[in-house]
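S.K.: Before I ask anything, let me first share the structure, which is written out below as structure tokens.
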Amino acid sequence: MNGIVSLASSARTVRLITDSPELQPQRYRPSCSYFPSMTNSTRTPLFLFSLFTLLSLFALSPFRLSAHPPFRLSAGGAEQFQADAKRLYEATHTDTGLWPLIAEFCDQYPARLSGSTNLERGLDWLVERMTQDGWKVKTQDVMVPNWKRGKESLRLVTAPGREMPMLGLGGSVSTNGKALRAEVLVVTSFDDLKQRQLEAKGRIVVWNVPFTTYGETVRYRYGGPSEAARYGAVASLVRSVGPFGMQTPHTGGMGYNDSLQKIPAAAITMEDAMLLHRMQERGQRPEVELSMEAKWEPDAPSKNIIIEIPGTEHPEQVVVMGGHIDSWDVGTGAMDDGSGCFVTWRALHHIKKLGLHPKRTIRVCFWTNEENGLRGGKGYEEQTRNEEHVLAMEVDGGTFRPIGFSGTLPPDMELFARDVQATLLAPVGALMLEKGEGGADTSPLQEKGVPVMELVVDTSKYFWYHHTAADTPDKLDPAELNQCTYAMAVMAWAFANR
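Quick note: the sequence shown, position 62, residue 123 per the working numbering, numbers continuous.
Written out as structure tokens, the structure is:
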């Protein structure tokens, strides 16, 4: 997931899975939200009664849950929807091949930043593998940004003196071929820097901002460099955007204000940001030495990948789902967002393997260049502009335990989605439907009026590994991957046959 195509799109994309209290797993209480006027004392017995009732229904069959009236799945076709969903449930929940497939791909083609050899070789591998599996594969050519990290280092000069883990931020300029040595000024907010602006000139600003939500905290990664430059700073270091640290820096995108000096920008670990702050509070003036070779190269060719099952009655109407196949140049991009792509591919795989024939076309797209340009999402919209998209769905918030969906839907589609959830997705607990703006790659379609949805999952640990070297396949749980696959398969199947 990209925080930063722009700050606005960052807030739109990530707010949905982090900012809203209803989406925090430890605080998510669907039973209470149904009865907002009740006190805690009246909610508790009612919740226990409701839970007992639901468990009884689950014991009979996970597919005997009925939606609240009126039932809108189809005109007299509810039983068929449930029968199809049951087959999809059995197929997805006995699937032992998804996690190994993700691991194989991500282990062989890690660090898939746009413009990299790994990304393009990975895309070629996918085209070949999909073709071998019997898919008619289409590709869409796009040109993508091509930023290179190069060698980089950060050293604490002040005693005790040591190397400090760091990652340059995507899009940063270099230190012009030499090490940049300067004292640091640690601040905790934009207001804090403004109040201490006279101290910033000639120093390296360190943003020691504790994680609250991604949408709130990422502002310092994205806009911090230009704000530091505004007051004469020579570089910007941001505390890694995440709630948990083990001396692991988190990279990500950033942007410059073209009216201000472009200064080098990097992320440091949570622990080192706090260390520098403690030193400053003790009256010390910590000094560091930063070296970065970052540079931009000419745009590079890349491609989106598309597979689909044509509709039997309305093939011109398309339900598209997917994720972004690029990643940052650290880790393997298993969580962000290799697994999102593979979950949608596997969902389509099971629909096809079961011999289910949708009325409308169900399409899967692996978008390129979400992390630092959104060229894949924009290119898809441009190259399919004459097609009729019924719905666009994205998986780019992790593939942990599914909670539900967020999105922007017209009233009739929202009612339908809620019925699908209550009737067919209860077995995996994907019951929440939050109004939101969908994902980054579907945003160009949304701007053209296409309804959008995004899978929402338990993000308790997502930002532990986000944009780090620790984003590897071992963080993924095979059972949760299958649950996400089922949720996407059912939602796509339902809307394709609505």
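By construction, the Cβ of each residue, glycine as well, lies at the ideal position given by its N, Cα and C atoms.
(1) How about the segment 277 to 295 and the segment 362 to 380: do they share at least three Cβ pairs that are nearer than 8 Å?
(2) Taking the alpha-carbon positions, what's the Leu435 to Gln345 distance?
(3) State the beta-bridge partners of Asn365 as determined by DSSP.
(4) Hey, could you find the ends of the beta strand (DSSP E) Val247 is sitting in?
(5) I need the straight-line Cα distance from Gly500 to Pro539, nearest angstrom please.
(6) Who pairs with His385 in a beta bridge, going by DSSP?
(7) If we call anything under 9 Å between Cβ atoms a contact, is Thr503 one with Ala453?
(8) If Asp360 and Val234 are in contact, beta carbons under 8 Å, what's the gap, nearest whole angstrom?
(9) Just to confirm, are Gly465 and Leu494 a CB contact at a threshold of 9 Å?
(10) Can you list, in chain order, the stretches of the alpha helix (DSSP H) that have 4 or more residues and sit fully within the segment 497 to 541?
(11) Helix or strand or just coil, what does DSSP make of Ala453?
(12) If Pro171 sits next to Met227, beta carbons under 8 Å apart, how far is it from one beta carbon to the other, in whole angstroms?
(13) Going by C-alpha distance, which of Lys197, Phe427 and Leu217 is nearest Gly440?
(14) Is the beta carbon of Leu298 sitting closer than 9 Å to the one on Leu241?
(15) I'd like to check one pair, Ala557 with Gly383: are the Cβ atoms closer than 9 Å?
(16) Would you kindly work out how many angstroms separate the C-alpha atoms of Ser50 and Thr460, rounded to a whole number?
(17) When you compare only the Cα positions, how much space is there between Pro304 and Ser521?
(18) Excluding sequence positions up to five away, which residues of its chain have a Cβ less than 8 Å from the Cβ of Glu358?
(19) With the cut-off set at 9 Å, would you say Glu508 and Glu442 are in Cβ contact?
(20) Look up Ser98 in the DSSP assignment and say whether it is helix, strand or coil.
(21) In this structure, does DSSP put Val186 in helix, strand or coil?
(22) So Leu486 and Pro512 are supposed to be a Cβ contact under 8 Å. How far apart are they, rounded?
(23) Would you call the segment 144 to 160 and the segment 402 to 411 in contact, with 3 or more CB pairs under 8 Å?
(24) In whole angstroms, give me the CA-to-CA distance for Phe108 and Asp519.
(25) Please check the pair Met353 and Gly231, which I expect to be a contact at CB under 8 Å, by giving their CB distance rounded to whole angstroms.
(26) For Lys536, is the classification buried or exposed, using 16 other Cβ atoms within 10 angstroms of its Cβ as the cut-off for buried?
(27) Hey, would you say Ile324 sits closer than 9 Å to Ala296, going by beta carbons?
(28) Taking the beta strand (DSSP E) that Met331 falls in, what are its first and last residues?
(29) Quick one: is Ala334 buried, meaning 16 or more other Cβ sit within 10 Å of its Cβ, or exposed?
(30) Among Phe272, Trp186, Leu415 and Leu337, which residue has its Cα nearest to the Cα of Pro221?
(31) Out of Ala328, Gly468, Gly263 and Val267, which has the shortest C-alpha to C-alpha gap to Asp253?
(32) According to DSSP, is Phe403 part of a helix, a strand, or is it coil?
(33) Tell me the DSSP bridge mates of Gly314?
(34) Applying the 10 Å Cβ sphere with the 16-neighbour rule, what's the burial state of Arg559?
(35) Would you report the Cα separation of Ala261 and Gly238, rounded to the nearest angstrom?
(36) Indicate the three-state DSSP secondary structure (helix, strand or coil) for Ser214 in the structure shown.
M.R.: Based on what the coordinates show:
(1) In short, these stretches do not touch, since the Cβ pair count stays below three.
(2) Going from the Cα of Leu435 to the Cα of Gln345 covers about 43 Å.
(3) Answer is Gln201.
(4) Secondary structure note for Val247: its beta strand (DSSP E) is the uninterrupted segment Leu241 to Val248.
(5) Rounded to whole angstroms, Gly500 to Pro539 spans 24 Å at the Cα level.
(6) DSSP lists Trp428 as partners of His385.
(7) Going by C-beta atoms, Thr503 is nearer than 9 Å to Ala453.
(8) Actually they do not touch by this definition, with Cβ atoms about 18 Å apart.
(9) Contact: yes.
(10) Runs of the alpha helix (DSSP H) inside the segment 497 to 541: 504 to 507 and 523 to 526.
(11) Reduced to three states, the DSSP call for Ala453 is strand.
(12) With a contact defined as Cβ atoms closer than 8 Å, Pro171 and Met227 miss out at about 20 Å.
(13) Nearest C-alpha to Gly440 among Lys197, Phe427 and Leu217: Phe427.
(14) Cβ distance not < 9 Å, so Leu298 and Leu241 don't count as in contact.
(15) Result no, Cβ atoms of Gly383 and Ala557 do not sit closer than 9 Å.
(16) Outside the modelled stretch of the chain, which goes from 62 to 559, sits residue 50, for which no answer is possible.
(17) If you take the alpha carbons of Pro304 and Ser521, they lie about 9 Å apart.
(18) Cβ neighbours of Glu358 beyond the five flanking positions: Gly176, Asn207, Trp208 and Lys209.
(19) Result yes, Cβ atoms of Glu508 and Glu442 sit closer than 9 Å.
(20) Residue confidence for Ser98 is low, a pLDDT of 31 falling below 50, so the modelled location carries little weight; the figure read from the coordinates is stated next. The answer is coil: DSSP assigns Ser98 none of H, G, I, E or B.
(21) The sequence shown places Trp at residue 186, not Val. Residue state, collapsed to three classes: helix.
(22) 18 Å between Cβ atoms; not a contact.
(23) Result yes; three or more Cβ-Cβ pairs closer than 8 Å.
(24) For Phe108, the pLDDT reaches just 44, beneath the cut-off of 50, and the residue's location in the model is therefore unreliable, although a value from the coordinates is still provided. Cα-Cα distance, rounded: 22 Å.
(25) The pair is not a contact, with the Cβ atoms about 12 Å apart (cut-off 8 Å).
(26) Buried is the label assigned to Lys536, since at least 16 other Cβ atoms lie within 10 Å of its Cβ.
(27) In this structure, Ala296 lies closer than 9 Å to Ile324 by Cβ.
(28) Not the beta strand (DSSP E): Met331 falls in the alpha helix (DSSP H), residues Met331 to Glu342.
(29) With a 10 Å radius around the Cβ and a threshold of 16 neighbouring Cβ atoms, Ala334 comes out buried.
(30) The option with the nearest alpha carbon to Pro221 is Leu337.
(31) The shortest C-alpha to C-alpha distance from Asp253 to any of Ala328, Gly468, Gly263 and Val267 is the one to Val267.
(32) Under the three-state reduction of DSSP output, Phe403 falls in the helix class.
(33) Note: Gly314 sits in a beta bridge opposite Gly231.
(34) The residue is buried, with at least 16 neighbouring Cβ atoms inside 10 Å.
(35) Straight-line Cα distance between these residues: approximately 23 Å.
(36) If DSSP states are grouped into helix, strand and coil, Ser214 belongs with the strands.
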